[in-house]
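The structure appears right after this line, and notes come after that.
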Amino acid sequence: METVLGLAMLVRSRLRRAGSALQSPAVNLVETLGVEIGVRQAGTSSARRAADAVADAFREAGLEPRFHEFGLLGYEADEPELEIDGERWDAGPCMYASPTDGTAEGRVRRMGTHSIGGFFPEADVFAVEDEDGRELARLLMSPFGGPAIPFLTGPRQIAVGPAVFISGADSMRLREREGALARVRVSGRFVPGLVERNVVAELPGGSEEAIIVSAHYDSVWRGPGVVDNATGVEGVRRIAERLALGGHKRSLIFIGFAAEEIGCIGSQAWIFDAEVTGELGRIKTCVNLDCIAHGERLELMASPQALSDRLAGFAGELGLGERYDLNVAPAGPGVDAYPFHEKGIPAATVSHFGYDEYHLPSERLELIDEQRLSDSVELAMLLIDSLLEQPVQAG
C-alpha cells in the first residue's frame, strides 16, 4: 500500500500555491447549466447550449476547448399515463424502450425482480397481461425504491413492448393488488441522425502521459440536473481554474461528457476514437465527478485497489469520514469513469449520493450544499495532483 500521508505532504504545497477558486466564483456552472439552461437531454438544442457553456467556462479558466463530435440515436418520450383499477398512478418513462404510441390494458402479475445494469438494488418487475397471459406492457420499480423517475433499464436494452417506472411505494402497493386492471399509455420514439459533443480541453505538461478530469453535463428527461450533474461540471471547472497555470509533470485533459444519462455514450465515443488514434495509450487515470453537492453518502468508487486506497487515504486526511457516511467501493457501471476501467485504465469517481429528488424536476438549486461541493473538489484535487506526480499502475 502506498504511503498516502507522504503523497499528501508532497502535493499540499502545490495546492497552496495554486490558490483556491472555491469562494464566489465569477462563473458558476451549477446555475448556468441547472437553472439558466435547465433540462438538457442528450440530442436536444438545450444540450448544445450546455456544451457551449462548458466550453466558455473552460476558456475563461485559461484553457483552449474543442468539441469532440459523435453520432447519436436519440429518444423522445411523452408523459406516460398509468391507471390501476381506474386510479391514476405516477409513472416515469423508460427511456429507449421499444418505440410505441398506444394503450395497453390488462391484468397485473408480478414477474420478479431486476437490477438496472447490475448497479442498482434489486427492484420489482410487473407484467400487464391480456386474457391469454400474453405480456402487453411492463411496470418497473424505480431505482432505490424512490419516486417514479425516467431511467434506462441497462445499456439501452429492454424487452419489446411499452414500459414505465413506478415508485417504490407504489410497487409495494401493487404487490398486494396482483390481478388488478392496469391501463398503460406510453408514447416514445427513436430520433436517428443526431450529433452530440464532448467538450475537451488539454493542458499540456512535461509528459505526453495524461490524467483525465471529467464530468457529464447532460440531464435526464424533464430533469434540470442541478445536482446530477451541473455540480460535477462545476467541480471540473474549479479544478481546471486552479491547475491552469501549468508546469505539471504530466498533461491534464478536462472533459465535459455528453449523453451519460443514456448509457455513458459520450465517454464510450471518446474512448473509441482515442483507441483508433492511439491517444488512449497516453491516459494514466480518469478522475470523474458526479453529483457532488447533495446526498447523505460520500461514494468513492475506484479501481485498481492502489487507486482506491489512495483516494480513501486522502478522504481520511481531510476528515471526510467524520462529516459524511463514507462508502468506498470498486469502480462500477453507470458513470463515465467505468468505460475507462473496462479498458484497463485506473478510474475513480467522487460522488455524494442518496437523495429523494434524484432525476426529478424537484432537483433545484436550493439543494446544493457548498461544503459538500468544496470538499469533493478538494478531495479530487489531492488525488489529481498526486497522480500528476506519481500515477498508479494499471491492473
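For the sequence shown, position 354 matches number 353 in numbering that gives the first Met the number 0, and the numbering has no gaps at all. All C-beta atoms in this analysis are idealised placements derived from N, C-alpha and C, irrespective of residue type, glycine included.
Asked	Found
Taking C-beta to C-beta, are I264 and L32 nearer than 8 Å?	no
Beta carbon of R161, beta carbon of A122: below 8 Å?	Sequence inspection shows Pro at residue 161; the Arg mentioned does not correspond to that position. Cβ distance not < 8 Å, so P161 and A122 don't count as in contact.
With respect to the alpha helix (DSSP H) encompassing E233, which residues constitute its N-terminal and C-terminal limits?	T230 to L242
Where does the unbroken alpha helix (DSSP H) through T348 begin, and where does it stop?	From DSSP, T348 is part of no alpha helix (DSSP H) but of the beta strand (DSSP E) over A346 to F352.
Can you confirm whether D384, when its beta carbon is compared against all beta carbons of chain D, has any partner nearer than 8 Å?	In the structure shown, chain D does not exist; there is a single protein chain.
How many angstroms separate the CA atom of R58 from the CA atom of N27?	14 Å
Within the present structure, is the beta-carbon of E208 separated from the nearest heavy atom of the ligand PLP by less than 7 Å?	For the structure depicted, the ligand PLP is absent and the ligand set is empty, with no information on it obtainable.
For R16, which residues in the same chain have their Cβ closer than 7 Å to its Cβ, ignoring the five residues on either side in sequence?	Low per-residue confidence applies at R16: pLDDT is 40, beneath 50, and the placement is therefore not dependable enough to give any value.
Is DSSP giving G167 helix, strand or coil here?	helix
Just to confirm before moving on: does the CB-CB distance between A200 and P338 stay below 8 Å?	no
Would you mind giving the Cβ-Cβ distance between E233 and A60, rounded to the nearest angstrom? I have them listed as a contact below 8 Å.	In fact, because the Cβ distance is near 12 Å, the residues do not count as touching under 8 Å.
As an exercise, report each continuous beta strand (DSSP E) stretch of at least 3 residues that is fully enclosed by the stretch 316-384, in chain order.	324-328 and 346-352
For the stretch 120-144, list the beta strand (DSSP E) runs that are entirely contained and at least 3 residues long, ordered along the chain.	122-128 and 134-140
Could you round the C-beta distance between K283 and A346 to whole angstroms and report it? I think they count as a contact, below 8 Å.	Going by Cβ atoms, the distance from K283 to A346 rounds to 11 Å, so no, they are not a contact pair.
List the DSSP bridge partners of G105.	A181
Along the alpha helix (DSSP H) that carries E274, what are the first and last residues, could you check?	I264 to T276
Return the Cβ separation of I291 and H351 in integer angstroms, given the expectation that the two are a contact with Cβ distance under 8 Å.	6 Å
Quick check: what's the CA-CA separation for P79 versus W88?	10 Å
Counting C-beta neighbours from all protein chains within 10 Å, is the total for Q267 16 or more, i.e. buried, or is it exposed?	buried
Select from Y74, L62, V29 and I36 the residue whose C-alpha is nearest the C-alpha of A258.	Y74
Specify the secondary structure class of E30 as computed by DSSP and reduced to three states.	helix
Report yes if the CB atom of A393 is closer than 8 Å to the CB atom of I344, and no otherwise.	yes
DSSP three-state call for I282: helix, strand or coil?	strand
Just to confirm, is the Cβ distance from L297 to L325 under 8 Å?	yes
Note down, in chain order, each residue of its chain lying with its Cβ closer than 8 Å to the Cβ of P303, except the 5 sequence neighbours on either side.	P345, V391, Q392, A393 and G394
Given a threshold of 16 other Cβ atoms within 10 Å of its Cβ, counted over all protein chains shown, does T152 qualify as buried or as exposed?	Only weak support exists for where T152 lies, its pLDDT of 46 falling under 50; the value from the coordinates is given anyway. Classification of T152: buried, given that the 10 Å Cβ count is 16 or more.
Tell me whether the beta-carbon of E195 lies closer than 8 Å to the beta-carbon of A76.	no
If you draw a straight line from the C-alpha of L299 to the C-alpha of E177, how long is it?	40 Å
R109 to R174, Cα distance in whole Å?	7 Å
Among G224, G91 and S141, which has the Cα closest to the Cα of L366?	G224
With S141 and G111 assumed to form a contact (beta carbons below 8 Å), what rounded beta-carbon distance in angstroms separates them?	Their Cβ separation, rounded to whole angstroms, is 16 Å, which puts S141 and G111 out of contact at 8 Å.
Please go through the same chain and pick out, in chain order, the residues whose beta-carbon is closer than 6 Å to the beta-carbon of E278, but skip the five residues on each side of it.	none
Would you report the Cα separation of M171 and I165, rounded to the nearest angstrom?	10 Å
Could you spell out where the beta strand (DSSP E) holding A76 opens and where it closes?	R65 to A76
Taking the C-alpha atoms as reference points, what is the distance between I83 and A179?	7 Å
Between the C-alpha atoms of R322 and G42, what's the straight-line distance to the nearest angstrom?	38 Å
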